[in-house]
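**Student:** Read in my numbering, the sequence shown has 435 at position 57, and its numbers run on one by one without any break. The beta-carbon is built from N, C-alpha and C at its ideal position, and this holds for glycine as well. This is the structure I want to talk about, given as structure tokens.
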Amino acid sequence: MEIFRQLMAYLEMLANQIPLEVFTFFGTILEEILAPIPSPFVMTITGSIAQAQGHLFGYLVIIAIIGALGRIVGTSFLYFVADFAEEIVIGKFGDFLEVSHSDIERFGARFNGTARDYLTMIFLRSIPVMPSSPISVACGVLKLNYKVFAIGTGIGSIFRNFFFLYIGYTGLAATESFMEGLDSVENIVQIIFVLVLVGGFYYFYRKRQKGELFKKVERVKSVKEI
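Below you can see the structure in the form of structure tokens.
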């Protein structure tokens, strides 16, 4: 869309006029909330400018951390919007879908902050071609433990950010074919992720219809009570 191309051109100009630390923090927030902006955009530009300004390679680590903090803010916005939207949707259509708000909460409670939960979130957030916004929305809808969400997002984003910063710093971002290929892979992964997400919701719905979704949990609780 033309409006987003103009916005990206403005951000690129702005990156040369303000401190990179400030641009990185607020740029990643905007990049996360406005999905049409390509995910490598802010980090690759920042890496290129850092190299042009003569910053040492180690400076990228600082920028990667700042970008991770900005990404926590941006993803948290999507997380809480999705959380709020879920309550409205389930409140209106829950009877039709045969899914209640408590069902969603009980499902999300399965991810209660174990080491595996943290590692899974860190892994998902560290993959450069993994779409960020759908993950944030899914976590908000499923009521994933927010501490797991925020910490996993922060740590994983440091690795992801450094990857794109390195691309910009070394000049690979100037290679049009490389960036187009990266963007194509991300689009494919995003489609696959959305399909898996839809399939997961359908599986959840079918299990809920059959009354099998929480049987295992209830059996464990019964054994403990005995």
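Would you say the region 455–465 touches the region 420–434, given that touching needs at least three Cβ pairs under 8 Å?
**Tutor:** Too few Cβ pairs lie closer than 8 Å, so no.
**Student:** Could you check the C-alpha separation between Gln384 and Gly405 for me, to the nearest Å?
**Tutor:** Straight-line Cα distance between these residues: approximately 15 Å.
**Student:** Could you tell me whether the region 522–533 touches the region 411–423, using the rule of 3 or more Cβ pairs below 8 Å?
**Tutor:** Cβ pair count under 8 Å is below three, so no.
**Student:** Below 8 Å on the Cβ atoms is my contact criterion, and I expect Ile450 with Phe403 to pass it. Report the Cβ-Cβ distance as a whole number of Å.
**Tutor:** Not a contact, Cβ separation roughly 10 Å.
**Student:** Taking the alpha-carbon positions, what's the Ile415 to Arg494 distance?
**Tutor:** Each residue's Cα considered, the two are about 31 Å apart.
**Student:** Assuming the contact rule is C-beta atoms closer than 8 Å, Ala393 and Phe401 should be a hit. Round their C-beta distance to whole Å, please.
**Tutor:** About 5 Å; that satisfies the 8 Å criterion.
**Student:** Relative to the alpha-carbon of Phe541, which residue among Met508, Gly530 and Gly577 has its alpha-carbon at the smallest distance?
**Tutor:** If we check each option's Cα against that of Phe541, Met508 comes out closest.
**Student:** When the Cα atoms are used, what is the spatial distance from Val515 to Asp461?
**Tutor:** Answer to the nearest angstrom: the Cα atoms are 8 Å apart.
**Student:** What are the boundary residues of the alpha helix (DSSP H) that Pro512 is part of?
**Tutor:** Unbroken alpha helix (DSSP H) run through Pro512: Ser510 to Val519.
**Student:** Would DSSP call Asn394 helix, strand or coil?
**Tutor:** Correct three-state label for Asn394: coil.
**Student:** Name the two residues that bound the continuous alpha helix (DSSP H) containing Val420.
**Tutor:** Its alpha helix (DSSP H) spans residues Phe419 to Ala430.
**Student:** In three-state terms, what does DSSP make of Arg488?
**Tutor:** Looking at Arg488 - three-state DSSP - the assignment turns out to be coil, as it is neither helix nor strand.
**Student:** Can you check whether the CB of Leu543 is closer than 7 Å to the CB of Leu447?
**Tutor:** For Leu447 and Leu543, no; Cβs fall outside 7 Å.
**Student:** Count the other CB atoms, across all protein chains shown, that sit within 10 Å of the CB of Val576; report buried if there are 16 or more and exposed otherwise.
**Tutor:** Exposed is the call here.
**Student:** Can you look up Phe435 in the DSSP assignment and give me helix, strand or coil?
**Tutor:** Here Phe435 sits in coil by DSSP.
**Student:** In whole angstroms, what is the alpha-carbon distance linking Glu390 and Glu465?
**Tutor:** Going from the Cα of Glu390 to the Cα of Glu465 covers about 38 Å.
**Student:** Would you identify the three-state DSSP class for Leu522, choosing helix, strand or coil?
**Tutor:** Here Leu522 sits in coil by DSSP.
**Student:** Taking just the CA atoms, how far does Gly518 sit from Gly549?
**Tutor:** Their backbone Cα atoms lie some 36 Å apart in a straight line.
**Student:** For Ser504 versus Phe537, is the C-beta spacing smaller than 7 Å?
**Tutor:** Against a cut-off of 7 Å, the Cβ pair of Phe537 and Ser504 comes out as a contact.
**Student:** Tell me the rounded alpha-carbon separation between Asn490 and Ile411.
**Tutor:** Each residue's alpha carbon lies about 26 Å from the other.
**Student:** Measure how close the beta-carbons of Asn539 and Ala387 come, nearest whole angstrom, since I'm counting them as under 8 Å.
**Tutor:** No, Asn539 and Ala387 are not in contact; Cβ-Cβ is about 22 Å, not under 8 Å.
**Student:** What three-state label does DSSP hand Gly643 in the structure shown?
**Tutor:** Look at the range of the chain in this structure, 379 to 604, and you will see that residue 643 is not part of it.
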